[in-house]
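Asks: My questions all concern the structure below.
2 protein chains.
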Amino acid sequence: MSNDDDLLDAAFLALSDPVRRQLISRLSRGPATVNELAEPFAISKQAVSKHIQVLEQAQLVTRSRDAQRRPVHLNPARLEALTAWIDQYRLVREAQFRSLDAVLRTNTAPCGSSQKDRQ
Amino acid sequence: MSNDDDLLDAAFLALSDPVRRQLISRLSRGPATVNELAEPFAISKQAVSKHIQVLEQAQLVTRSRDAQRRPVHLNPARLEALTAWIDQYRLVREAQFRSLDAVLRTNTAPCGSSQKDRQ
DNA sequence: TTGTTTATCAACCATCTGGTTGATAACAAC
DNA sequence: GTTGTTATCAACCAGATGGTTGATAAACAA
Chain D
1 MSNDDDLLDA
11 AFLALSDPVR
21 RQLISRLSRG
31 PATVNELAEP
41 FAISKQAVSK
51 HIQVLEQAQL
61 VTRSRDAQRR
71 PVHLNPARLE
81 ALTAWIDQYR
91 LVREAQFRSL
101 DAVLRTNTAP
111 CGSSQKDRQ
Chain L
1 MSNDDDLLDA
11 AFLALSDPVR
21 RQLISRLSRG
31 PATVNELAEP
41 FAISKQAVSK
51 HIQVLEQAQL
61 VTRSRDAQRR
71 PVHLNPARLE
81 ALTAWIDQYR
91 LVREAQFRSL
101 DAVLRTNTAP
111 CGSSQKDRQ
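Protein chains in written order, with UniProt numbering: chain D, 1 to 119; chain L, 1 to 119.
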């Protein structure tokens with residue numbers, strides 16, 4: 001987990017599983033232990049523990065220590081890094097769509113669906 | 001690829017690979033064919049074609065037809081769905097952090113690092 | 001027709017993923 | 001000490017993923 005690319009790999013991979021996304025959802029309402037997190041699921045707590053390790057490696061969550069408990073906390077900063085990556089490309093493309101739209105609207109009149117591929 | 005959850009699965013999985021993220025990056029500058037997309041990479045174009053199929057299944061890209069070419073287009077709408085999902089939880093948690101911060105700032109004076117786990 | 005370009009399909013293979021069960025470690029309470 | 005709770009580790013397994021090579025199809029150009 002050295003460079004930035006590996007962190008993005010790990011984070012997106014972590015979010016590609018519905019169980020892990022539900023864990024994120026639960027943690028957005030506050031920290032929780034593995035047992036608490038595992039309770040709503042039909043799978044073993046070992047499996048949940050593995051899921052949490054995946055999230056932890058991606059730095060989407062952190063752990064603390066409270067006797068034998070190891071509460072899991074959400075890390076919003078890492079979530080923000082993901083939206084930042086996505087928006088970097090989404091916004092560029094949407095801006096191009098808007099300007100293309102403006103060109104089509106002013107030059108050619110009818111609102112036909114004739115979009116050329118190579119710009 | 002029926003429900004919303006499957007689409008999120010597919011989309012986050014699609015972005016968990018550095019090659020596919022670079023494809024997204026390239027496509028944010030405009031449509032391109034498989035051969036054009038494969039050129040910068042050391043892997044075969046069959047491999048790139050597979051990557052594009054993964055992106056297409058996630059509806060992050062679309063294809064069109066231009067003679068024997070099949071140009072690939074970015075789909076910003078799907079990218080936006082991802083940021084929407086992330087922000088849904090990121091913003092909740094950050095808001096909680098801010099209010100906790102405010103409570104700590106007004107009630108207890110010294111800026112020590114004593115955060116309790118269970119809220 | 002023949003050839004070229006573009007792109008996918010079909011096998012195949014090594015590795016990773018997500019789940020299981022059983023054993024183990026660390027701590028709390030008695 | 002013993003018992004119970006919390007959590008991880010280790011080994012295993014079925015299926016998915018990411019890459020390869022070779023064959024094939026589709027749309028042109030000559």
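All C-beta atoms in this analysis are idealised placements derived from N, C-alpha and C, irrespective of residue type, glycine included.
Evaluate contact between the stretch 10-17 of chain D and the stretch 49-56 of chain D, counting only Cβ atoms and requiring at least three cross-stretch pairs below 8 Å.
Replies: Touching, per the Cβ criterion.
Asks: Pull up the distance between the alpha-carbon of L/Leu27 and that of D/Ala38, whole angstroms please.
Replies: Each residue's alpha carbon lies about 40 Å from the other.
Asks: Measuring straight from C-alpha to C-alpha, what distance separates D/Glu94 and L/Ala81?
Replies: The straight-line gap from Cα to Cα measures roughly 14 Å.
Asks: For the putative contact between L/Ala32 and L/Val72, defined by C-beta atoms under 8 Å, what is the C-beta separation to the nearest angstrom?
Replies: L/Ala32 to L/Val72, Cβ: 6 Å. Contact.
Asks: Name the chain D residues whose beta carbon is nearer than 9 Å to that of L/Phe41?
Replies: Here the premise fails: no neighbours, minimum Cβ distance about 14 Å.
Asks: Determine, for L/Arg98, whether the minimum Cβ-Cβ distance to residues of chain D falls below 8 Å.
Replies: So, not an interface residue.
Asks: Check each candidate in L/Gln68, L/Asp87, L/Trp85 and L/Leu55 and name the one with the smallest Cα separation from L/Leu74.
Replies: Here the closest residue by C-alpha is L/Leu55.
Asks: Which of the three DSSP states is assigned to D/Leu13 in this structure?
Replies: Helix.
Asks: Who pairs with D/Arg63 in a beta bridge, going by DSSP?
Replies: DSSP output for D/Arg63 lists D/Val72 as bridge partner(s).
Asks: Would a check of beta-carbon distances place residue 123 of chain L closer than 8 Å to chain D?
Replies: Since the displayed chain L opens at 1 and closes at 119, residue 123 of chain L lies outside it and no answer follows.
Asks: Run through the DSSP bridge pairs and tell me what L/Ala32 is partnered with.
Replies: Beta-bridge pairing links L/Ala32 to L/Val72.
Asks: When DSSP labels each residue in this structure, what does D/Met1 get in the three-state scheme?
Replies: A caution first: D/Met1 carries a pLDDT of 47, below 50, which makes its placement in the model too unreliable to give a value.
Asks: Could you check the C-alpha separation between residue 131 of chain L and L/Ala58 for me, to the nearest Å?
Replies: The first residue shown for chain L is 1 and the last is 119, placing residue 131 of chain L beyond what the model contains.
Asks: Heavy atom of the ligand MN less than 7 Å from the Cβ of L/Leu82, yes or no?
Replies: Ligands are entirely absent from the displayed structure, and the ligand MN is therefore not among its contents.
Asks: From the DSSP output, in three-state form, read off L/Ala38 for me.
Replies: Residue state, collapsed to three classes: helix.
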